[in-house]
Structure formats: C-alpha cells, structure tokens
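Per numbering that gives the first Met the number 0, the sequence shown starts with residue 0, numbered consecutively. The beta-carbon is built from N, C-alpha and C at its ideal position, and this holds for glycine as well.
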Amino acid sequence: MIKKLTVKEILECKGNKKLTEVYTHNPLEAESCELAEVEMIVSSENNDIKGIRKAAKNTFFTVGLQYGKYLSELDILNRCFYLYENGADAIYCPQSYKYIKAIADEGIPVIGHTGFIPYKSTFYGGFKAYGKNANEAKKVYEQTLKLEEAGAFAAEIEIVPFKVAEYISNKVKIFMIGMGSGLGCDAQYLFSEDI
C-alpha cells in the first residue's frame, strides 16, 4: 500500500524522483491507480469526487475546476473549499493568475497550466504543440514564472517540445507535470484510457 504524498513531499521529489499522475473518470479507475501505486490522480469536479476519494484514499488527488464556471473570487473559493473538504488534496485551476493567487492565499494547494492550453487553442492557431520557436518558448517560461509568483505549487505543461519543457522544469521551483512534453518534467500526466 502506498503512502499519500503531501505537497511538501511532492516538491521534495523535484530533481530527485519522477512521479506519475493519471486522469481518472470514476472510482474503479482511481482504485486501479492506487493498486498500481500511481502517486497522483486527477479528475474533473464533474465526476464522482467523493467516490474517487473513497476508492483511492492513499493517492494524492487533484480536482480540476471547469474553465469559465466561476467568475468571481468568492464563487471559486467557495467551490475550492467545498472540494477540499470533500477529499481534494489540490485544486487544478484553469483560470487567470488572480484566481490562482486567491486560492493559494487561502492555503489550498493549487495547480496551474502552461504551454498548450486546449480551451485557449485559438491563440495557438489550433490544436498543436506550443513553444517550438524562441518567442513561444519564452512565453511558456514567463507563464510558468507567473504561476509560481501567484502561488501555484505545480503546473501542467502541455505539448511543449522536450528541450523547452526540460529547461523550464530545471529553472523553476514549482513541480512541473508534463503532458506530452517529454521526460524532462517532474511528473508524467497520463489519461486512464491511454493506459
């Protein structure tokens, strides 16, 4: 049986041990991840959060907020506290830095997103890798620094070239969770259906 990691322990893994995070849709997938000793799982707030938590008591569990659903700091904080009280170990926040800061300021572990961001794909020219030239790579790095400054303890870095993701992971203090960004990140993000 695995021991559930704390944020402190996750940050201590940076540069020392690579972790795995798996997106789970339901309690069965969550339980399977825990039995396989996957260190971290993530799910949408729209899934069975209480059931997933019950099925994977010893796995670090991040709950993702729906983009655009909460349009005030009060709304987003109310939801974060509810999720935190119902088993979330961290909150994935897809919204702006001010919301990430508000969550972090309340002492709730928060994860941001950098690189290619699906719900902002129009700014990237569609669904494709981002950070393939110097200007884009610089933007990803700057976004990551802003997430760190806002108080995020970790960030998903999605579909960024391996060398860029590795460089950023090595330069920042926050924990970088790679999604299609190579082995140079601190953790690898996988979807349960792909496994």
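Worksheet item: Can you give the Cα-Cα distance for Y129 and P160, rounded to whole angstroms?
Response: Within the sequence shown, residue 129 is the residue found at index 130, counting from 1. Within the sequence shown, residue 160 is the residue found at index 161, counting from 1. Going from the Cα of Y129 to the Cα of P160 covers about 8 Å.
Discussion item. Between the alpha carbons of E72 and P93, how many angstroms are there, rounded?
Written reply: Working through the sequence shown from its first residue, we reach residue 72 at position 73. Working through the sequence shown from its first residue, we reach residue 93 at position 94. Distance between the alpha carbons of E72 and P93: 13 Å.
Practice prompt. Look at the Cβ atom of M175, then the Cβ atom of A154, and state whether they are nearer than 8 Å.
Written response: Taking the first residue of the sequence shown as 1, we reach residue 175 at position 176. Taking the first residue of the sequence shown as 1, we reach residue 154 at position 155. The answer is yes: Cβ separation under 8 Å.
Worksheet item: Between Y91 and V62, which are expected to be in contact by the criterion C-beta below 8 Å, what is the C-beta distance as a whole number of angstroms?
Response: The count along the sequence shown starts at 1 and reaches residue 91 at position 92. The count along the sequence shown starts at 1 and reaches residue 62 at position 63. About 7 Å separates the two Cβ atoms, so the contact holds.
Worksheet item: By a C-beta neighbour count over all protein chains shown, 10 Å radius and 16 as the cutoff for buried, is D104 buried or exposed?
Response: Position 105 of the sequence shown, counted from the start, is the residue given in the question as residue 104. Counting Cβ neighbours within 10 Å, D104 comes out exposed, since fewer than 16 surround it.
Worksheet item: Bridge partners of G177, per DSSP?
Response: To locate residue 177, count along the sequence shown from 1; it is residue 178. BP columns for G177 point to I156 and Q187.
Worksheet item: Between K17 and the ligand GTP, is the CB less than 7 Å from at least one heavy atom?
Response: Within the structure as shown, the ligand GTP is missing, as the structure has no ligands at all.
Worksheet item: Around the Cβ of L146, are there at least 16 other Cβ atoms within 10 angstroms (buried) or fewer (exposed)?
Response: On the sequence shown, residue 146 is found 147 positions in, with the first residue counted as 1. Label assigned to L146: buried.
Worksheet item: Out of curiosity, what's the CA-to-CA distance linking S120 and H112?
Response: The sequence position of residue 120 within the sequence shown is 121, counting from 1. The sequence position of residue 112 within the sequence shown is 113, counting from 1. Cα to Cα, the separation comes out at about 13 Å.
Discussion item. Quick check on the DSSP output: the alpha helix (DSSP H) that includes A29 runs from which residue to which?
Written reply: Numbered from its first residue, the sequence shown carries residue 29 at position 30. Per DSSP, A29 belongs to the alpha helix (DSSP H) from P26 to L34.
Worksheet item: What three-state label does DSSP hand G114 in the structure shown?
Response: Counting from 1 along the sequence shown, the entry for residue 114 is found at position 115. Strand.
Discussion item. Quick check on DSSP: helix, strand or coil for I107?
Written reply: As a first step, residue 107 is located in the sequence shown; it is residue number 108 there, counting from the start. Here I107 sits in coil by DSSP.
Practice prompt. Along the beta strand (DSSP E) that carries I90, what are the first and last residues, could you check?
Written response: Position 91 of the sequence shown, counted from the first residue, corresponds to residue 90. Element bounds for I90: A89 to Y91.
Worksheet item: Counting Cβ pairs closer than 8 Å, one from the segment 82 to 89 and one from the segment 48 to 59, do we hit at least three?
Response: yes
Worksheet item: When we look at the beta-carbon of S95 and count the other beta-carbons within 10 Å, is it buried (16 or more) or exposed?
Response: Translated into the one-based positions of the sequence shown, residue 95 becomes position 96. S95 is exposed by the Cβ-count criterion.
Worksheet item: The beta strand (DSSP E) spanning I40 covers which residue range?
Response: For the purposes of this step, residue 40 is taken as the residue at position 41 of the sequence shown. Start and end: M39 to S43.
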